[in-house]
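Below: the structure, in structure tokens.
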Amino acid sequence: MEQHRPETPAANLAVRVKNELVFRHITVKSSETIAGCFKRIVLTGDELKGFTSRGFDDHIKLFFPANPGDVITPPAATEEGIVWGEGPRPLNREYTPLHFDAQAHELTLDFYLHDGGVASEWAAGAKPGDKLIIGGPRGSLIIPTTYAWQLYVCDETGLPAVKRRLRELKQAGSDAKITVLVKVKDASCISYLDDEKEFNIEWIVSDVHHGYQEDDAVVKKLKSLFLPESDYYIWATGEGKFAKGLNDYFVENRGLDANFVRCVAYWHNK
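Structure follows, in structure tokens:
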């Protein structure tokens, strides 16, 4: 049954802002393995001048050849929309900017390494001097840091966004009650958030040998949480059906205000 709760003041709503859509040619500066399951790529180039990313879960598009030997020509952003030129269209994947140094023109991305992913395969072999074309972010959702109670739920794909958010909260001097719940397939990923140990972070590691269902474990944990009446924010991501299920649980079953619940699909089972 839906539970009705007092609303958080509208003045504390997240704000969406638009950015000029720009496509950029940039170059790999460095590459290193992080926590055994991520590849951190630092990208640089003069075309990063003017780049902006104001939301912790922003995404940019990365473009890759659809076939070996394809030459990638980025589209043009016009008043009529995005216009592609002739030739094969490239593949694209979306990633969260972990950090941007505007003075040095350096953009840092963390790639979760997994089998069968075009971006993951590129990142695993990336070396200084390699070229990449990116587009965006087209806009940002700026979520206040001031909510008294905040919950973040993700799998490996959402960890860079969560890491960026936790850094934001530290920089803002937040005294909020923060809970982070992460489900992963590899225990080595746990060290990814070692720099954020002052936060309450709980990890759920899947056990494929015993049929352990990490999604069920996440839901069980969430049902055990005390949810406040107001001044809260919930952010969750992961596979599409999982994210939708969480949104339905919080908004329909628990009666939370949808303005303060953001559940986003970062990938889809096919």
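Numbering (the working numbering), first residue to last: 32 to 301. For glycine and all other residues, C-beta sits at the position ideal for the given N, C-alpha and C.
Go through its chain and collect everything with a Cβ distance to ARG71's Cβ below 6 Å, but skip five positions before and after it.
Residue 71 sits at position 40 when you count from the first residue of the sequence shown. Closer than 6 Å at the Cβ level, and outside the excluded window around ARG71, lie GLU63, ILE65, ASP141.
Suppose you measure from the CA of ILE57 to the CA of HIS145; what does that come to, to the nearest Å?
Taking the sequence shown and counting its residues from 1, one reaches residue 57 at position 26. Taking the sequence shown and counting its residues from 1, one reaches residue 145 at position 114. Roughly 24 Å separates the two Cα atoms.
Bridge partners of TRP298, per DSSP?
For the purposes of this step, residue 298 is taken as the residue at position 267 of the sequence shown. In the DSSP output, where bridge partners are listed per residue, TRP298 has GLU270.
CA nearest to the CA of ASP288, picked from ALA296, ASP279, LEU163
One-based indexing of the sequence shown puts residue 288 at position 257. Per the Cα distances, ASP279.
For the region 114-131 against the region 76-95, are there 3 or more C-beta pairs whose distance is under 8 Å?
yes
Tell me the rounded alpha-carbon separation between CYS294 and VAL46.
The residue labelled residue 294 in the question sits at position 263 within the sequence shown. The residue labelled residue 46 in the question sits at position 15 within the sequence shown. If I take the Cα positions, the gap works out to 16 Å.
Beta-ladder partner(s) of ARG47, from DSSP:
Looking up residue 47 in the sequence shown gives position 16. Bridge partners of ARG47: LEU172.
PRO191: first and last residue of the uninterrupted alpha helix (DSSP H) it sits in:
Indexing the sequence shown from 1 puts residue 191 at position 160. Taken as a continuous stretch (DSSP letters only), the alpha helix (DSSP H) holding PRO191 covers 190-202.
Rounded to the nearest angstrom, what separates GLU199 and SER205 at their Cα positions?
Against the sequence shown, residue 199 aligns to sequence position 168. Against the sequence shown, residue 205 aligns to sequence position 174. Those two C-alpha atoms are separated by around 9 Å.
Can you confirm whether SER61, when its beta carbon is compared against all beta carbons of chain C, has any partner nearer than 8 Å?
Note that chain C does not occur in the displayed structure, where there is just one protein chain.
Within 10 Å of its beta-carbon, does TRP115 have 16 or more other beta-carbons around it, so buried, or fewer, so exposed?
Counting from 1 along the sequence shown, the entry for residue 115 is found at position 84. Burial call: exposed.
In chain order, what residues of the same chain lie with their CB nearer than 7 Å to the CB of PRO96, ignoring the 5 residues before and after it?
Taking the first residue of the sequence shown as position 1, residue 96 is located at position 65. Excluding sequence neighbours, PRO96 sits near ILE103, PRO121.
Using the three-state DSSP reduction, which class does ASP146 fall into: helix, strand or coil?
For the purposes of this step, residue 146 is taken as residue 115 along the sequence shown, with counting starting at 1. Three-state DSSP puts ASP146 in coil, outside helix and strand.
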